[in-house]
(Lines of atoms letter the chains of each structure in order from A and count residues from 1; the text may use other names and numbers.)
(Lines give C-alpha, C1' and ligand atoms only; values in the text may rest on other atoms or scores of the structure.)
Protein backbone atom coordinates (compact mmCIF):
# COMPACT_ATOMS: atom_id res chain seq x y z
CA UNK A 1 0.00 0.00 0.00
CA UNK A 2 1.29 3.46 -0.86
CA UNK A 3 2.36 5.74 1.94
CA UNK A 4 -0.58 8.08 2.72
CA UNK A 5 1.87 10.97 3.02
CA UNK A 6 2.36 10.78 -0.75
CA UNK A 7 -0.99 12.56 -1.06
CA UNK A 8 -0.79 16.21 0.06
CA UNK A 9 -3.76 17.73 1.83
CA UNK A 10 -6.54 18.49 -0.69
CA UNK A 11 -7.92 21.32 1.45
CA UNK A 12 -8.98 24.21 -0.77
CA UNK A 13 -6.38 26.99 -0.34
CA UNK A 14 -7.47 30.39 0.84
CA UNK A 15 -8.41 32.95 -1.78
CA UNK A 16 -8.74 32.17 -5.49
CA UNK A 17 -6.37 30.52 -7.92
CA UNK A 18 -5.88 33.75 -9.88
CA UNK A 19 -4.55 35.37 -6.68
CA UNK A 20 -1.80 32.73 -6.44
CA UNK A 21 0.66 34.44 -8.78
CA UNK A 22 3.45 31.89 -8.38
CA UNK A 23 1.12 29.02 -9.25
CA UNK A 24 -0.36 30.85 -12.25
CA UNK A 25 3.11 31.55 -13.62
CA UNK A 26 4.09 27.91 -13.12
CA UNK A 27 1.04 26.63 -14.99
CA UNK A 28 1.52 29.01 -17.91
CA UNK A 29 5.26 28.23 -18.11
CA UNK A 30 4.35 24.60 -18.68
CA UNK A 31 2.82 25.35 -22.09
CA UNK A 32 5.03 24.12 -24.94
CA UNK A 33 3.47 26.02 -27.86
CA UNK A 34 3.05 29.81 -28.15
CA UNK A 35 -0.21 31.07 -26.69
CA UNK A 36 -1.41 34.47 -25.54
CA UNK A 37 -2.96 33.54 -22.21
CA UNK A 38 -3.34 34.76 -18.66
CA UNK A 39 -5.25 33.58 -15.58
CA UNK A 40 -7.68 36.18 -14.19
CA UNK A 41 -10.97 36.45 -12.26
CA UNK A 42 -13.75 34.95 -14.38
CA UNK A 43 -16.47 37.15 -15.81
CA UNK A 44 -18.77 34.13 -16.15
CA UNK A 45 -18.21 32.05 -13.03
CA UNK A 46 -18.66 34.76 -10.38
CA UNK A 47 -15.97 34.45 -7.73
CA UNK A 48 -14.14 31.86 -9.84
CA UNK A 49 -11.10 31.79 -12.08
CA UNK A 50 -10.92 31.86 -15.89
CA UNK A 51 -8.45 31.62 -18.74
CA UNK A 52 -8.12 34.78 -20.86
CA UNK A 53 -6.49 35.87 -24.08
CA UNK A 54 -3.54 38.16 -23.37
CA UNK A 55 -2.05 40.77 -25.62
CA UNK A 56 1.65 40.59 -24.82
CA UNK A 57 2.46 37.32 -23.04
CA UNK A 58 3.42 34.10 -24.86
CA UNK A 59 3.58 30.77 -23.02
CA UNK A 60 4.00 27.12 -23.91
CA UNK A 61 1.33 24.42 -24.24
CA UNK A 62 0.69 21.98 -21.47
CA UNK A 63 3.13 19.02 -21.45
CA UNK A 64 1.71 15.57 -21.65
CA UNK A 65 1.65 13.24 -18.70
CA UNK A 66 4.71 11.02 -18.30
CA UNK A 67 2.74 7.84 -18.13
CA UNK A 68 -0.74 7.65 -19.66
CA UNK A 69 -1.79 4.14 -18.79
CA UNK A 70 -1.37 1.83 -15.86
CA UNK A 71 -1.69 -1.95 -15.49
CA UNK A 72 -4.92 -1.62 -13.56
CA UNK A 73 -6.77 -0.82 -16.81
CA UNK A 74 -6.14 -4.37 -17.92
CA UNK A 75 -8.26 -5.49 -14.98
CA UNK A 76 -10.91 -2.83 -15.58
CA UNK A 77 -11.01 -2.42 -19.40
CA UNK A 78 -14.49 -0.86 -19.53
CA UNK A 79 -13.84 1.87 -16.98
CA UNK A 80 -15.37 5.26 -17.77
CA UNK A 81 -13.19 8.16 -18.92
CA UNK A 82 -13.48 9.77 -15.48
CA UNK A 83 -12.54 6.51 -13.72
CA UNK A 84 -9.49 6.13 -15.98
CA UNK A 85 -8.45 9.68 -15.14
CA UNK A 86 -8.77 8.89 -11.42
CA UNK A 87 -6.59 5.79 -11.79
CA UNK A 88 -3.99 7.74 -13.76
CA UNK A 89 -3.90 10.51 -11.18
CA UNK A 90 -3.38 8.03 -8.35
CA UNK A 91 -0.61 6.31 -10.33
CA UNK A 92 1.15 9.63 -10.95
CA UNK A 93 1.10 10.48 -7.24
CA UNK A 94 2.40 7.04 -6.28
CA UNK A 95 5.19 7.41 -8.85
CA UNK A 96 6.02 10.95 -7.65
CA UNK A 97 5.41 12.32 -11.16
CA UNK A 98 2.90 14.99 -10.06
CA UNK A 99 4.55 18.22 -8.96
CA UNK A 100 3.60 20.15 -5.86
CA UNK A 101 2.32 22.99 -8.04
CA UNK A 102 0.15 20.64 -10.09
CA UNK A 103 -1.32 19.18 -6.94
CA UNK A 104 -1.97 22.67 -5.61
CA UNK A 105 -3.73 23.61 -8.87
CA UNK A 106 -5.85 20.47 -8.58
CA UNK A 107 -6.89 21.53 -5.09
CA UNK A 108 -8.16 24.85 -6.47
CA UNK A 109 -10.46 23.17 -9.00
CA UNK A 110 -14.13 23.06 -8.12
CA UNK A 111 -15.50 19.71 -6.98
CA UNK A 112 -19.05 20.58 -5.83
CA UNK A 113 -18.51 18.03 -3.06
CA UNK A 114 -21.47 19.23 -1.01
CA UNK A 115 -23.92 18.75 -3.89
CA UNK A 116 -22.44 15.40 -4.88
CA UNK A 117 -22.57 14.17 -1.29
CA UNK A 118 -26.31 14.73 -1.38
CA UNK A 119 -26.60 12.65 -4.55
CA UNK A 120 -24.58 9.84 -2.96
CA UNK A 121 -26.94 9.86 0.00
CA UNK A 122 -29.88 9.69 -2.42
CA UNK A 123 -28.20 6.74 -4.09
CA UNK A 124 -28.22 4.80 -0.83
CA UNK A 125 -31.98 5.33 -0.60
CA UNK A 126 -32.85 4.74 -4.26
CA UNK A 127 -30.35 1.96 -4.95
CA UNK A 128 -32.88 -0.68 -6.11
CA UNK A 129 -34.21 1.70 -8.78
CA UNK A 130 -31.00 2.83 -10.46
CA UNK A 131 -29.18 -0.29 -11.63
CA UNK A 132 -29.17 1.14 -15.17
CA UNK A 133 -30.00 4.87 -14.82
CA UNK A 134 -30.14 7.43 -17.60
CA UNK A 135 -26.68 8.89 -18.21
CA UNK A 136 -27.57 12.53 -17.52
CA UNK A 137 -29.40 12.18 -14.19
CA UNK A 138 -27.81 13.00 -10.81
CA UNK A 139 -28.18 9.40 -9.64
CA UNK A 140 -26.46 8.15 -12.81
CA UNK A 141 -23.43 10.30 -12.05
CA UNK A 142 -23.50 9.11 -8.43
CA UNK A 143 -23.53 5.47 -9.58
CA UNK A 144 -20.50 6.14 -11.81
CA UNK A 145 -18.70 7.90 -8.95
CA UNK A 146 -19.24 5.04 -6.55
CA UNK A 147 -18.05 2.50 -9.14
CA UNK A 148 -14.88 4.48 -9.89
CA UNK A 149 -13.99 4.98 -6.23
CA UNK A 150 -14.59 1.33 -5.37
CA UNK A 151 -12.41 0.34 -8.32
CA UNK A 152 -9.62 2.64 -7.15
CA UNK A 153 -9.79 1.30 -3.60
CA UNK A 154 -9.72 -2.33 -4.75
CA UNK A 155 -7.29 -2.21 -7.67
CA UNK A 156 -4.93 0.65 -6.80
CA UNK A 157 -4.75 0.63 -2.99
CA UNK A 158 -4.07 4.37 -2.94
CA UNK A 159 -3.58 4.66 0.82
CA UNK A 160 -6.02 7.56 1.25
CA UNK A 161 -9.49 7.51 2.69
CA UNK A 162 -12.79 7.24 0.88
CA UNK A 163 -13.66 10.94 1.18
CA UNK A 164 -10.39 12.02 -0.42
CA UNK A 165 -10.95 9.63 -3.31
CA UNK A 166 -14.40 11.09 -3.90
CA UNK A 167 -12.87 14.56 -3.75
CA UNK A 168 -10.41 13.63 -6.50
CA UNK A 169 -13.10 11.99 -8.62
CA UNK A 170 -15.48 14.94 -8.37
CA UNK A 171 -12.71 17.34 -9.37
CA UNK A 172 -12.14 15.21 -12.46
CA UNK A 173 -15.87 14.94 -13.19
CA UNK A 174 -16.40 18.69 -12.87
CA UNK A 175 -13.32 19.77 -14.82
CA UNK A 176 -12.84 17.24 -17.62
CA UNK A 177 -13.74 18.31 -21.13
CA UNK A 178 -15.05 16.74 -24.32
CA UNK A 179 -12.46 16.22 -27.02
CA UNK A 180 -13.42 15.97 -30.67
CA UNK A 181 -11.54 14.52 -33.58
CA UNK A 182 -12.01 15.91 -37.09
CA UNK A 183 -15.35 14.58 -38.44
CA UNK A 184 -15.84 12.71 -35.15
CA UNK A 185 -17.84 15.08 -32.91
CA UNK A 186 -16.87 13.42 -29.60
CA UNK A 187 -14.09 10.85 -29.24
CA UNK A 188 -13.30 11.13 -25.54
CA UNK A 189 -12.63 13.35 -22.57
CA UNK A 190 -9.52 14.89 -21.08
CA UNK A 191 -8.43 16.63 -17.88
CA UNK A 192 -5.96 19.47 -18.37
CA UNK A 193 -5.07 21.86 -15.56
CA UNK A 194 -4.80 24.86 -17.86
CA UNK A 195 -7.73 23.75 -20.01
CA UNK A 196 -9.83 23.34 -16.87
CA UNK A 197 -9.69 27.10 -16.40
CA UNK A 198 -11.77 27.61 -19.53
CA UNK A 199 -15.31 28.16 -18.34
CA UNK A 200 -18.47 27.04 -20.11
CA UNK A 201 -20.62 28.73 -22.70
CA UNK A 202 -23.17 27.10 -25.02
CA UNK A 203 -21.89 29.63 -27.58
CA UNK A 204 -18.13 29.23 -26.96
CA UNK A 205 -15.28 31.02 -28.69
CA UNK A 206 -12.95 27.96 -28.78
CA UNK A 207 -13.07 24.16 -29.01
CA UNK A 208 -10.59 21.36 -28.27
CA UNK A 209 -9.73 18.46 -30.55
CA UNK A 210 -7.07 15.83 -31.10
CA UNK A 211 -4.77 15.95 -34.12
CA UNK A 212 -2.95 12.65 -33.93
CA UNK A 213 -1.78 12.51 -30.32
CA UNK A 214 -1.73 16.28 -29.92
CA UNK A 215 -4.46 18.19 -28.12
CA UNK A 216 -5.23 21.46 -29.88
CA UNK A 217 -7.47 24.35 -28.87
CA UNK A 218 -8.62 26.58 -31.72
CA UNK A 219 -10.80 29.65 -31.85
CA UNK A 220 -14.32 29.63 -33.30
CA UNK A 221 -14.53 33.41 -33.59
CA UNK A 222 -12.19 36.40 -33.18
CA UNK A 223 -10.96 36.74 -29.57
CA UNK A 224 -9.99 40.18 -28.35
CA UNK A 225 -7.41 40.99 -25.70
CA UNK A 226 -9.11 40.84 -22.31
CA UNK A 227 -11.85 38.50 -23.55
CA UNK A 228 -12.43 35.30 -21.58
CA UNK A 229 -11.79 32.01 -23.41
CA UNK A 230 -14.72 29.60 -23.24
CA UNK A 231 -15.55 26.07 -24.37
CA UNK A 232 -18.74 24.04 -24.30
CA UNK A 233 -18.85 21.45 -21.52
CA UNK A 234 -21.67 19.63 -23.33
CA UNK A 235 -22.43 18.56 -26.89
CA UNK A 236 -23.15 21.87 -28.60
CA UNK A 237 -25.38 20.08 -31.14
CA UNK A 238 -28.00 19.31 -28.50
CA UNK A 239 -31.05 21.46 -27.91
CA UNK A 240 -31.57 23.97 -25.12
CA UNK A 241 -33.34 21.60 -22.70
CA UNK A 242 -30.93 18.68 -23.14
CA UNK A 243 -27.88 20.91 -22.71
CA UNK A 244 -29.28 22.42 -19.55
CA UNK A 245 -30.08 19.00 -18.10
CA UNK A 246 -26.46 17.87 -18.33
CA UNK A 247 -25.06 21.26 -17.31
CA UNK A 248 -27.14 21.30 -14.14
CA UNK A 249 -26.91 17.63 -13.19
CA UNK A 250 -23.15 17.36 -13.74
CA UNK A 251 -21.72 20.87 -13.40
CA UNK A 252 -24.44 22.72 -11.43
CA UNK A 253 -24.42 25.41 -14.12
CA UNK A 254 -27.42 27.38 -15.35
CA UNK A 255 -26.09 28.83 -18.61
CA UNK A 256 -27.36 32.31 -19.51
CA UNK A 257 -25.40 32.92 -22.71
CA UNK A 258 -27.01 34.68 -25.68
CA UNK A 259 -27.64 31.41 -27.48
CA UNK A 260 -29.50 29.90 -24.53
CA UNK A 261 -31.61 33.00 -24.00
CA UNK A 262 -32.53 33.16 -27.69
CA UNK A 263 -33.45 29.46 -27.84
CA UNK A 264 -35.45 29.67 -24.61
CA UNK A 265 -37.41 32.66 -25.95
CA UNK A 266 -38.09 30.89 -29.25
CA UNK A 267 -39.36 27.74 -27.52
CA UNK A 268 -41.59 29.80 -25.23
CA UNK A 269 -43.04 31.71 -28.19
CA UNK A 270 -43.72 28.55 -30.21
CA UNK A 271 -45.28 26.73 -27.27
CA UNK A 272 -47.51 29.72 -26.57
CA UNK A 273 -48.70 29.65 -30.19
CA UNK A 274 -49.45 25.92 -29.89
CA UNK A 275 -51.10 26.19 -26.44
CA UNK A 276 -48.39 23.88 -25.09
CA UNK A 277 -46.00 24.33 -22.19
CA UNK A 278 -42.25 24.31 -21.71
CA UNK A 279 -42.65 20.97 -19.94
CA UNK A 280 -44.52 19.59 -22.97
CA UNK A 281 -41.62 20.59 -25.21
CA UNK A 282 -39.10 19.09 -22.78
CA UNK A 283 -40.89 15.74 -22.79
CA UNK A 284 -41.18 15.76 -26.59
CA UNK A 285 -37.49 16.57 -26.98
CA UNK A 286 -36.57 13.69 -24.69
CA UNK A 287 -38.77 11.32 -26.70
CA UNK A 288 -37.09 12.38 -29.95
CA UNK A 289 -33.66 11.88 -28.38
CA UNK A 290 -34.75 8.41 -27.25
CA UNK A 291 -35.75 7.58 -30.85
CA UNK A 292 -32.42 8.85 -32.13
CA UNK A 293 -30.48 6.86 -29.55
CA UNK A 294 -32.44 3.68 -30.23
CA UNK A 295 -31.70 3.89 -33.96
CA UNK A 296 -28.04 4.78 -33.36
CA UNK A 297 -27.58 1.75 -31.12
CA UNK A 298 -28.83 -0.66 -33.78
CA UNK A 299 -28.97 0.70 -37.34
CA UNK A 300 -29.41 -2.80 -38.76
CA UNK A 301 -32.77 -3.22 -37.03
CA UNK A 302 -34.15 -0.21 -38.96
CA UNK A 303 -32.29 -0.58 -42.26
CA UNK A 304 -35.34 -1.40 -44.38
CA UNK A 305 -38.27 0.48 -45.87
CA UNK A 306 -40.43 -0.75 -43.00
CA UNK A 307 -37.79 0.31 -40.48
CA UNK A 308 -37.50 3.80 -41.95
CA UNK A 309 -41.29 4.15 -41.99
CA UNK A 310 -41.35 3.04 -38.35
CA UNK A 311 -38.90 5.80 -37.42
CA UNK A 312 -40.84 8.39 -39.45
CA UNK A 313 -44.09 7.38 -37.74
CA UNK A 314 -42.50 7.59 -34.29
CA UNK A 315 -41.17 11.09 -35.06
CA UNK A 316 -44.54 12.25 -36.44
CA UNK A 317 -46.35 10.95 -33.36
CA UNK A 318 -44.11 12.94 -31.02
CA UNK A 319 -44.28 16.10 -33.13
CA UNK A 320 -48.09 16.03 -33.39
CA UNK A 321 -48.39 16.06 -29.60
CA UNK A 322 -47.10 19.64 -29.32
CA UNK A 323 -47.12 21.11 -32.85
CA UNK A 324 -50.75 21.02 -33.89
CA UNK A 325 -50.87 23.96 -36.32
CA UNK A 326 -47.42 23.82 -37.90
CA UNK A 327 -44.56 21.35 -38.39
CA UNK A 328 -41.65 21.21 -35.97
CA UNK A 329 -39.18 23.64 -37.61
CA UNK A 330 -36.03 22.02 -39.01
CA UNK A 331 -34.08 24.88 -37.40
CA UNK A 332 -35.37 23.99 -33.91
CA UNK A 333 -33.25 21.27 -32.34
CA UNK A 334 -33.30 18.32 -32.42
CA UNK A 335 -35.32 18.13 -35.67
CA UNK A 336 -32.33 18.54 -37.98
CA UNK A 337 -30.73 15.57 -36.17
CA UNK A 338 -33.85 13.48 -36.73
CA UNK A 339 -33.62 14.28 -40.46
CA UNK A 340 -29.97 13.23 -40.28
CA UNK A 341 -31.03 9.87 -38.83
CA UNK A 342 -33.49 9.38 -41.70
CA UNK A 343 -30.80 10.37 -44.21
CA UNK A 344 -28.35 7.90 -42.69
CA UNK A 345 -30.87 5.05 -42.72
CA UNK A 346 -31.85 5.80 -46.32
CA UNK A 347 -28.18 6.04 -47.30
CA UNK A 348 -27.41 2.63 -45.80
CA UNK A 349 -30.44 1.17 -47.59
CA UNK A 350 -29.34 2.97 -50.80
CA UNK A 351 -32.49 2.44 -52.84
CA UNK A 352 -33.66 6.01 -53.40
CA UNK A 353 -30.96 8.67 -54.08
CA UNK A 354 -33.61 11.41 -54.27
CA UNK A 355 -35.00 10.67 -50.79
CA UNK A 356 -31.49 10.49 -49.32
CA UNK A 357 -30.67 13.89 -50.82
CA UNK A 358 -33.88 15.50 -49.55
CA UNK A 359 -33.39 14.30 -45.97
CA UNK A 360 -29.75 15.34 -45.88
CA UNK A 361 -30.45 18.78 -47.39
CA UNK A 362 -33.18 19.39 -44.80
CA UNK A 363 -30.83 18.25 -42.03
CA UNK A 364 -27.77 20.28 -43.03
CA UNK A 365 -29.61 23.50 -43.82
CA UNK A 366 -31.61 23.23 -40.60
CA UNK A 367 -28.41 23.94 -38.65
CA UNK A 368 -28.12 27.53 -37.47
CA UNK A 369 -24.69 27.37 -35.74
CA UNK A 370 -22.60 27.48 -38.92
CA UNK A 371 -19.04 27.39 -37.68
CA UNK A 372 -16.73 24.98 -35.93
CA UNK A 373 -16.44 21.20 -35.95
CA UNK A 374 -20.16 20.45 -35.99
CA UNK A 375 -20.69 22.54 -39.11
CA UNK A 376 -17.76 20.81 -40.85
CA UNK A 377 -19.30 17.47 -39.85
CA UNK A 378 -22.68 18.51 -41.26
CA UNK A 379 -21.18 19.66 -44.57
CA UNK A 380 -19.22 16.42 -44.85
CA UNK A 381 -22.36 14.36 -44.17
CA UNK A 382 -24.22 16.32 -46.84
CA UNK A 383 -21.46 15.72 -49.39
CA UNK A 384 -21.35 12.01 -48.49
CA UNK A 385 -25.11 11.54 -48.72
CA UNK A 386 -25.22 13.21 -52.13
CA UNK A 387 -22.82 10.62 -53.59
CA UNK A 388 -25.68 8.33 -54.78
CA UNK A 389 -26.85 11.20 -56.99
CA UNK A 390 -23.32 11.77 -58.30
CA UNK A 391 -23.07 8.05 -59.09
CA UNK A 392 -26.38 8.15 -60.97
CA UNK A 393 -25.17 11.09 -63.06
CA UNK A 394 -21.87 9.38 -63.79
CA UNK A 395 -23.70 6.32 -65.08
CA UNK A 396 -25.39 8.50 -67.68
CA UNK A 397 -22.13 9.13 -69.50
CA UNK A 398 -21.78 5.42 -70.37
CA UNK A 399 -25.41 4.87 -71.36
CA UNK A 400 -25.98 4.59 -75.15
CA UNK A 401 -28.35 7.27 -76.51
CA UNK A 402 -30.90 4.68 -77.71
CA UNK A 403 -31.19 3.24 -74.21
CA UNK A 404 -31.67 6.73 -72.78
CA UNK A 405 -34.47 7.33 -75.30
CA UNK A 406 -36.06 3.98 -74.44
CA UNK A 407 -35.89 4.79 -70.71
CA UNK A 408 -37.60 8.14 -71.35
CA UNK A 409 -40.42 6.47 -73.33
CA UNK A 410 -40.90 3.84 -70.59
CA UNK A 411 -41.13 6.58 -67.97
CA UNK A 412 -43.76 8.46 -69.97
CA UNK A 413 -45.83 5.29 -70.40
CA UNK A 414 -45.46 4.17 -66.79
CA UNK A 415 -48.26 4.84 -64.27
CA UNK A 416 -47.80 7.83 -61.93
CA UNK A 417 -45.36 7.28 -59.09
CA UNK A 418 -46.79 6.82 -55.59
CA UNK A 419 -47.24 10.11 -53.71
CA UNK A 420 -44.56 9.07 -51.20
CA UNK A 421 -41.94 8.93 -53.96
CA UNK A 422 -40.04 12.25 -54.19
CA UNK A 423 -39.93 13.85 -57.64
CA UNK A 424 -36.72 13.93 -59.64
CA UNK A 425 -34.43 16.83 -58.91
CA UNK A 426 -35.18 19.73 -61.30
CA UNK A 427 -31.54 20.83 -61.34
CA UNK A 428 -29.66 20.12 -64.57
CA UNK A 429 -26.54 17.92 -64.38
CA UNK A 430 -24.41 21.04 -64.72
CA UNK A 431 -26.33 22.77 -61.90
CA UNK A 432 -26.01 19.73 -59.67
CA UNK A 433 -22.26 19.62 -60.18
CA UNK A 434 -22.01 23.37 -59.57
CA UNK A 435 -23.83 22.86 -56.27
CA UNK A 436 -21.83 19.76 -55.32
CA UNK A 437 -18.43 21.23 -56.23
CA UNK A 438 -19.30 24.49 -54.48
CA UNK A 439 -20.31 22.49 -51.42
CA UNK A 440 -17.01 20.58 -51.43
CA UNK A 441 -15.08 23.81 -51.90
CA UNK A 442 -16.84 25.33 -48.88
CA UNK A 443 -16.21 22.13 -46.89
CA UNK A 444 -12.47 22.38 -47.60
CA UNK A 445 -12.38 26.05 -46.57
CA UNK A 446 -14.34 25.43 -43.37
CA UNK A 447 -12.19 22.41 -42.42
CA UNK A 448 -8.97 24.37 -42.90
CA UNK A 449 -10.38 27.29 -40.94
CA UNK A 450 -11.64 25.03 -38.15
CA UNK A 451 -8.84 22.48 -37.78
CA UNK A 452 -5.88 24.22 -39.42
CA UNK A 453 -4.31 23.86 -42.86
CA UNK A 454 -1.90 21.20 -41.59
CA UNK A 455 -4.59 18.93 -40.16
CA UNK A 456 -5.04 15.48 -41.69
CA UNK A 457 -8.74 16.23 -42.13
CA UNK A 458 -8.14 19.32 -44.27
CA UNK A 459 -5.51 17.55 -46.39
CA UNK A 460 -7.84 14.57 -47.02
CA UNK A 461 -10.73 16.84 -48.01
CA UNK A 462 -8.53 18.67 -50.53
CA UNK A 463 -7.88 15.31 -52.21
CA UNK A 464 -11.59 14.43 -52.10
CA UNK A 465 -12.45 17.76 -53.71
CA UNK A 466 -9.97 17.12 -56.54
CA UNK A 467 -11.47 13.68 -57.23
CA UNK A 468 -14.99 15.11 -57.32
CA UNK A 469 -13.91 17.75 -59.83
CA UNK A 470 -12.47 14.99 -62.00
CA UNK A 471 -15.74 13.04 -61.88
CA UNK A 472 -17.64 15.99 -63.34
CA UNK A 473 -15.25 16.40 -66.30
CA UNK A 474 -17.50 14.27 -68.52
CA UNK A 475 -19.83 17.25 -68.80
CA UNK A 476 -17.22 18.89 -70.97
CA UNK A 477 -14.60 21.57 -70.36
CA UNK A 478 -15.10 23.26 -67.00
CA UNK A 479 -16.95 26.52 -67.31
CA UNK A 480 -15.24 29.51 -65.78
CA UNK A 481 -15.50 30.83 -63.19
CA UNK A 482 -14.54 27.86 -61.01
CA UNK A 483 -15.21 27.53 -57.25
CA UNK A 484 -13.20 30.22 -55.50
CA UNK A 485 -13.13 32.50 -58.52
CA UNK A 486 -15.07 35.73 -58.89
CA UNK A 487 -18.52 35.08 -60.29
CA UNK A 488 -18.88 31.44 -59.24
CA UNK A 489 -20.97 32.41 -56.22
CA UNK A 490 -23.76 33.58 -58.55
CA UNK A 491 -23.76 30.31 -60.47
CA UNK A 492 -23.68 28.35 -57.23
CA UNK A 493 -26.60 30.41 -55.94
CA UNK A 494 -28.75 29.51 -58.95
CA UNK A 495 -27.96 25.82 -58.52
CA UNK A 496 -28.63 26.03 -54.78
CA UNK A 497 -32.07 27.57 -55.35
CA UNK A 498 -33.03 24.58 -57.49
CA UNK A 499 -31.68 22.05 -54.97
CA UNK A 500 -33.20 23.63 -51.86
CA UNK A 501 -36.55 24.33 -53.49
CA UNK A 502 -36.76 20.68 -54.52
CA UNK A 503 -36.02 19.59 -50.92
CA UNK A 504 -38.58 21.97 -49.43
CA UNK A 505 -35.93 24.08 -47.70
CA UNK A 506 -36.42 27.83 -47.31
CA UNK A 507 -34.05 29.54 -49.75
CA UNK A 508 -33.13 32.04 -47.04
CA UNK A 509 -31.30 29.25 -45.20
CA UNK A 510 -28.94 28.66 -48.12
CA UNK A 511 -25.17 28.55 -47.96
CA UNK A 512 -23.21 31.73 -48.62
CA UNK A 513 -19.92 30.96 -50.33
CA UNK A 514 -16.87 32.13 -48.39
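Numbering (the numbering used here), first residue to last: 584 to 1097.
Where a beta carbon is used, it is the ideal one built from N, C-alpha and C, also for glycine.
This one's a predicted model, so the numbers in the text were calculated from it and none came from an experiment.
- Using the C-alpha atoms, what's the distance from residue 846 back to residue 920? 16 Å
- How about the segment 729-747 and the segment 666-673: do they share at least three Cβ pairs that are nearer than 8 Å? yes
- Backbone CA spacing between residue 817 and residue 1062 [nearest angstrom]: 45 Å
- Would you mind sorting residue 661 into buried or exposed? The rule is 16 or more other CB atoms within 10 Å of its CB. exposed
- Local conformation of residue 912 per DSSP, three classes: coil
- Message: Going by the DSSP bridge assignment, what does residue 802 pair with across the sheet?
- Response: 789
- Find out if the Cβ-Cβ distance for the pair residue 914, residue 973 is shorter than 9 Å. no
- Query: Which residue comes first and which comes last in the alpha helix (DSSP H) that contains residue 1017?
  - Reply: 1012-1034
- Item | Three-state secondary structure (DSSP) of residue 1003 | For residue 1003, the pLDDT reaches just 42, beneath the cut-off of 50, and the residue's location in the model is therefore unreliable, leaving the point undetermined.
- Message: Between the alpha carbons of residue 831 and residue 667, how many angstroms are there, rounded?
- Response: 23 Å
- Using beta-carbon positions only, say whether residue 752 and residue 774 come within less than 9 Å of one another. no
- Work out the CA separation of residue 893 and residue 926 for me, nearest whole Å. 14 Å
- Based on Cα-Cα distance, which residue from 943, 679 and 785 lies nearest to residue 820? 785
- Task: Could you check if residue 703 is buried or exposed, using at least 16 other CB atoms within 10 Å of its CB as the buried criterion?
- Result: buried
- Of all the options 975, 944 and 1032, which has the alpha carbon lying nearest to the alpha carbon of residue 956? 1032
- 9 Å Cβ cutoff met for residue 780 and residue 687: no
- Task: Assuming residue 824 contacts residue 865 (C-beta within less than 8 Å), just tell me the rounded distance between them.
- Result: 5 Å
- Query: Rounded to whole angstroms, how far is the Cβ of residue 857 from the Cβ of residue 906, which I believe are closer than 8 Å?
  - Reply: 6 Å
- Message: My output table needs one value for residue 636: the three-state DSSP class, helix, strand or coil.
- Response: strand
- Query: Is DSSP giving residue 620 helix, strand or coil here?
  - Reply: strand
- Message: By the DSSP assignment, the beta strand (DSSP E) with residue 764 in it spans what residues?
- Response: 760-764
- Provide the residue(s) that pair with residue 772 in DSSP beta bridges, ordered along the chain. 761
- Query: How many angstroms separate the CA atom of residue 1021 from the CA atom of residue 629?
  - Reply: 45 Å
- Express the C-alpha separation of residue 762 and residue 650 in angstroms, rounding to a whole number. Low confidence applies here, because residue 650 scores a pLDDT of 41, under 50, leaving its location unreliable; read the following figure in that light. Roughly 19 Å separates the two Cα atoms.
- What is the DSSP secondary structure of residue 814, counted as helix, strand or coil? strand
- Task: Check each candidate in 627, 620 and 928 and name the one with the smallest Cα separation from residue 635.
- Result: 620
- Query: CB-CB under 8 Å to residue 696, same chain, minus the five flanking residues each way: which ones, in chain order?
  - Reply: 749, 750 and 753
- Query: Can residue 770 and residue 669 be called in contact, C-beta distance under 9 Å?
  - Reply: no
- Output yes or no for whether 9 Å exceeds the beta carbon distance between residue 838 and residue 849. no
- Determine the burial state of residue 652: buried for a count of at least 16 other Cβ atoms within 10 Å of its Cβ, exposed for fewer. Bear in mind that a pLDDT of 43 at residue 652, under 50, signals an unreliable position, so the model cannot answer this.
- Same chain, Cβ closer than 7 Å to residue 803, five either side skipped, listed in chain order: 787, 788, 789, 790, 954 and 955
- Query: So, using beta-carbon positions, are residue 1097 and residue 1028 closer together than 9 Å?
  - Reply: yes
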